[in-house]
Amino acid sequence: LMKALRHEAPTVEDTARRLKIENAKSAAYIFKNLHTKAGGKLSFARVLTGEIPDSATLVGSNGQEERVAGIFTLKGEETTKRGAAKAGDTVAFGRLEHIAAGETVTLEKGGVVQISAPPAPQGVYAVGLGLKDRKDEVKLSAAVAKLLEEDPSLSVDHTTDTHQILLFGQGEMHLRVALERLARKYGIEVIREPRKVAYKETIRGAAEIRARHKKQSGGHGQFGDVKLEIAPLPRGGGVTFDERITGGAVPKNFIPSVEIGVRDYLEEGPLGFPCVDVAVTLTDGSYHSVDSSDMAFRQAGRIAMAEGMPKCSSVLLEPVMAVEIAVPSEANSRINGIISQRRGQILGFDAREGWPGWDVIQAHIPAAEMDSLIVDLRSATSGVGSFTSQFDHLAELSGRLRDQVLASQKQAAA
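And the structure:
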C-alpha cells in the first residue's frame, strides 16, 4: 500500500494546484485532533505549501490566530520534536486549541484559506450514557467534548423528551471503542443504557370539567376554582391554551397561573408520556377575595386536567423516521424485507446520482425499530450499505405493541 501511494498518489505540488492554493504562504490542512494525557492537544496536519517553523503564529480558516507549541513527528507511541515542517510533511502541531479538524491554517495574516472538507457522516447507531457516579457529570461533558473533537463521526444528543444522553456512532464496535477511550483516557466509567423512544400521547375525545382547589388551615387559606374545556387538535397542532372568561369570574392576573397548571399536567398525561395536539380553554371559575392566589389557581388547573384528560380517550403516539437507504441495486429485495420486518413503509426508489448500479430507497420506519438497522443493512450488502434518517411524524400505536409499551412505562415508574 505504501509503495502504491508513493508511486500513484499525487505529489503535494499537484494537490496544491488542484485545490488552487499553490500561491498560499505556508498552508497546512488539519485532518485530525488528538488529546493526550501529557502533551495536551495535538493537531495532525499535512503541509501543502511552504514551510512552517515551530512557535509560528498560524491563522485558521475562521480567522482565529494560534501559536504553535511544538511540531512533532509520530511513529506509534514514539514522538520526535522537530524545528519546522515543509511541504509534503505530515506532522502534529501542539496546542492549537481553537482549530478544528477540516480547517486549513496558514502563516499569512488575512490570507485565510479554506479547503472543502468532507462532511462528517450522520450517526447510525446509538447508546444511552449513564454514570456510575453522579459526581462525574461535569467530567463526562468535558470528556465527551474532547471525544467528539477527536472523532467527528461521533455525535451526542441530550434528549429532553427521554432525559437521556445519547452517543451516536457508526456501529456497535465504533461506540464500544469510544466508551473504552472514555474509561482509559479520562477515567470515566459509564453505564450503557438502551436508547429510549420518545413516545407521546394525545386524545380522541373532548371533555368539560370543573375543579376546585380549596384548603383551610388557619389564617389565609387557598382557593381556586376553574372550568376547562379539553379538545383534540389535528396532528402537529401542539398544545394551546385559551380563555373565554366573562364578568371577571377568574381575575386576569390568575389566568396565567391556570395555564401553568395545565401545562404542568400535560408534561406527563394519563399514559405517562408528554401530551401533544391538545386544546384547553378556560371558560369559567370563581375566586375568593382573600384566599385566592397564583398557587391556588395553578393547582386548580392541574387538578382539572387530571380529572378531565382520562375522559378524553387517550391515544399513544410513536415517532416515525424518514429514512433514505443507499444500497447496490442487487440488494433491493433483501432491503425490502428488512424494512417490512421493522414495520416500515417503502415510499419509493431512485437511482443514486453518480453511482451506477446503486439505488436510493425512501421509507418510513418507526423510531423503535431503528436501533440495529445498520447491522442488518451492512449484513445484506456486504458492509457497503448506508442510510440517513430524520424525524418525520407521529403515528398512532395500538394493539399488542401499545400494551407492551404501557406495561414497560408502568414498570419504570413503579
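Under our numbering, read the sequence shown as residues 941 to 1354, first letter to last.
The beta-carbon is built from N, C-alpha and C at its ideal position, and this holds for glycine as well.
Per DSSP, residue 1035 is not a residue of any beta strand (DSSP E), being assigned neither H nor E.
Here residue 1118 has 1087, 1091, 1094, 1107 and 1109 as same chain residues with Cβ atoms under 8 Å from its own Cβ, once five neighbours each way along the sequence are excluded. The C-alpha of residue 1189 lies about 11 Å from the C-alpha of residue 1164. Less than 9 Å separates the beta-carbon of residue 967 from that of residue 988. Unbroken beta strand (DSSP E) stretches of 3 residues or longer found wholly inside the segment 1175 to 1221: 1179 to 1183, given in chain order. Per the coordinates, the alpha-carbon of residue 1166 lies some 16 Å from the alpha-carbon of residue 1219. Here residue 970 is actually not in contact with residue 1037; their C-beta atoms are around 12 Å apart, not less than 8 Å. With respect to the 9 Å criterion, residue 1104 and residue 1124 are not classified as neighbours on the basis of their beta carbons. For residue 1126, the uninterrupted alpha helix (DSSP H) segment begins and ends at 1112 to 1126. DSSP, reduced to helix, strand and coil, places residue 977 outside both helices and strands of the structure shown, so it counts as coil.
The beta carbons of residue 1111 and residue 1314 sit closer together than 9 Å. Sorting 1013, 977 and 964 by C-alpha distance to the C-alpha of residue 1055 places 964 at the top. Here residue 981 is buried, its C-beta having at least 16 other C-beta atoms within 10 Å. By the Cβ test, the segment 1332 to 1351 is in contact with the segment 1251 to 1265, since at least three Cβ pairs between them sit closer than 8 Å.
Between residue 1344 and residue 1212, the beta carbon gap of about 14 Å keeps them out of contact (Cβ cut-off 8 Å). Spanning the alpha carbons of residue 1340 and residue 984 requires a straight line of approximately 53 Å.
Counting of Cβ neighbours within 10 angstroms places residue 955 among the buried residues, the total reaching 16 or more.
When DSSP reads this structure, residue 1153 sits in a beta bridge with 1164.
The three-state reading of DSSP puts residue 945 in helix, counting H, G and I together.
The C-alpha of residue 1114 lies about 52 Å from the C-alpha of residue 1195. In the three-state scheme derived from DSSP, where H, G and I count as helix and E and B as strand, residue 1340 is classed as helix. Counting every other CB atom within 10 Å of its CB across the protein chains shown gives residue 1078 a total below 16, marking it as exposed.
Assignment of residue 1026 by DSSP, reduced to helix, strand and coil, places it in the strand class. Taking a cut-off of 8 Å on C-beta distances, the segment 1131 to 1146 does not touch the segment 1221 to 1240, as fewer than three cross pairs fall below it. Closest by C-alpha distance to residue 1160, out of 1197, 1178, 1229 and 962, is 1229. Between the C-alpha atoms of residue 1023 and residue 950 there is a straight-line separation of about 26 Å.
Distance from the CA of residue 1251 to the CA of residue 1327, rounded to the nearest whole angstrom, comes to 42 Å. At a Cβ-Cβ threshold of 9 Å, residue 1046 and residue 986 do not count as neighbours.
Rounded to the nearest angstrom, the Cβ distance from residue 1284 to residue 1303 is 5 Å, consistent with a contact under 8 Å. The beta carbon of residue 1060 sits closer than 7 Å to those of 1092 and 1093, all from its chain and outside the five residues before and after it, given in chain order. Shown here, residue 985 sits in a strand according to DSSP, grouped into three states. A Cβ-Cβ separation of about 5 Å places residue 952 in contact with residue 1027 under the 8 Å criterion.
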